[in-house]
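Taking it in order: structure first as C-alpha cells, then the write-up.
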Amino acid sequence: MGKFFFSGSVSAKLDAKNRFVLPQSMRLGLVEEGALQFTIALGLGGCLAIYRRSDIQKIVDTFRAKQHLGQYQKFFTLFFSTLHETSCDNIGRITLPPTLKKAAGIETDVMVAGVLNKIEIWPKEVYDAHLKSALEGKNKEFDLLKMSEEAFALMGDQNEI
13 MGKFFFSGSV SAKLDAKNRF VLPQSMRLGL VEEGALQFTI ALGLGGCLAI YRRSDIQKIV
73 DTFRAKQHLG QYQKFFTLFF STLHETSCDN IGRITLPPTL KKAAGIETDV MVAGVLNKIE
133 IWPKEVYDAH LKSALEGKNK EFDLLKMSEE AFALMGDQNE I
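So for the sequence shown, the working numbering puts the first residue at 13; every next one is plus one.
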C-alpha cells in the first residue's frame with residue numbers, strides 16, 4: 013500500500029450526534045492489518061485531519077525525540093491532548109469529538125478532502141472560500157498559479173509529467 017494516497021473531496025452533513033459518512037474509497041485507504049482504525053487530530057490551517065494508525069505512529073516517534081525541547085511544548089500539549097483514536101460504525105459514519113468540532117469551527121456542513129497521506133475535514137464554508145480565492149487569484153495567500161508553480165518545483169527536473 014506504499015503507493016496509495018488520498019484524493020478527491022465530498023461534502024457531508026453532520027447529523028444530530030455529530031456524525032458524517034466517510035466515503036467508502038477513503039475508508040478503504042484507512043484499513044491496515046485488516047482493521048479500520050484511525051486517529052482524528054488538529055490539522056494545518058484550521059481543519060481536522062484523519063491519519064492512518066501507521067502514519068500517526070511515525071509522527072509520535074518523531075515528536076518523542078523532541079519532547080523535551082521547550083519551543084515545542086505548547087504545540088505538543090495541544091496536539092496530543094486532542095488526538096482521538098476512533099473508527100467508523102457499520103455504515104461508515106465517524107463521530108467528531110466536541111472539542112475537535114469546536115476547534116475547527118465546524119457547525120453542520122463539512123468538506124471531506126483526501127490530501128496525500130491524510131483526510132482533511134473542513135467547515136464547508138471555509139473550504140469553499142479557500143477554493144474560490146484560489147481560482148480567482150485575487151488573494152496572495154491562495155493564488156493557485158503561484159501555489160502550483162511552487163508545488164511542482166518540488167519535483168525538480170523530473171520529466172515524467
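C-beta: ideal position from N, C-alpha, C; glycine also.
Output the distance between the C-alpha atoms of Glu162 and Glu153, rounded to the nearest integer angstrom. Indexing the sequence shown from 1 puts residue 162 at position 150. Indexing the sequence shown from 1 puts residue 153 at position 141. If you take the alpha carbons of Glu162 and Glu153, they lie about 13 angstroms apart.
Under three-state DSSP, which class holds Gly58? Residue 58 sits at position 46 when you count from the first residue of the sequence shown. Helix, per DSSP.
Inspect the CB distances between the segment 46–53 and the segment 95–103 and report whether three or more fall short of 8 angstroms. Short answer: they touch.
Can the beta-carbon of Glu132 be found less than 9 angstroms from the beta-carbon of Ile62? Along the sequence shown, one-based indexing puts residue 132 at 120. Along the sequence shown, one-based indexing puts residue 62 at 50. For Glu132 and Ile62, yes; Cβs fall inside 9 angstroms.
Alpha carbons only, please: which of Ser37, Pro35, Leu108, Phe16 is nearest the one belonging to Ile118? Taking the sequence shown and counting its residues from 1, one reaches residue 118 at position 106. The candidate whose alpha carbon is nearest that of Ile118 is Leu108.
When you compare the CB positions of Val43 and Ile103, do they come within less than 9 angstroms of one another, or not? For the purposes of this step, residue 43 is identified with residue 31 of the sequence shown, where counting begins at 1. For the purposes of this step, residue 103 is identified with residue 91 of the sequence shown, where counting begins at 1. No.
Proximity to Ser23 [Cα-Cα], best of Val127, Ala146, Trp134, Leu166: Here residue 23 is taken as the residue at index 11 of the sequence shown, counted from 1. Ser23 has its Cα closest to that of Trp134, out of Val127, Ala146, Trp134, Leu166.
Hey, Arg64 and Gly41: beta-carbon distance below 9 angstroms or not? As a working note, residue 64 is residue 52 in the sequence shown. As a working note, residue 41 is residue 29 in the sequence shown. Yes, the pair counts as a contact, with Cβ atoms nearer than the cut-off.
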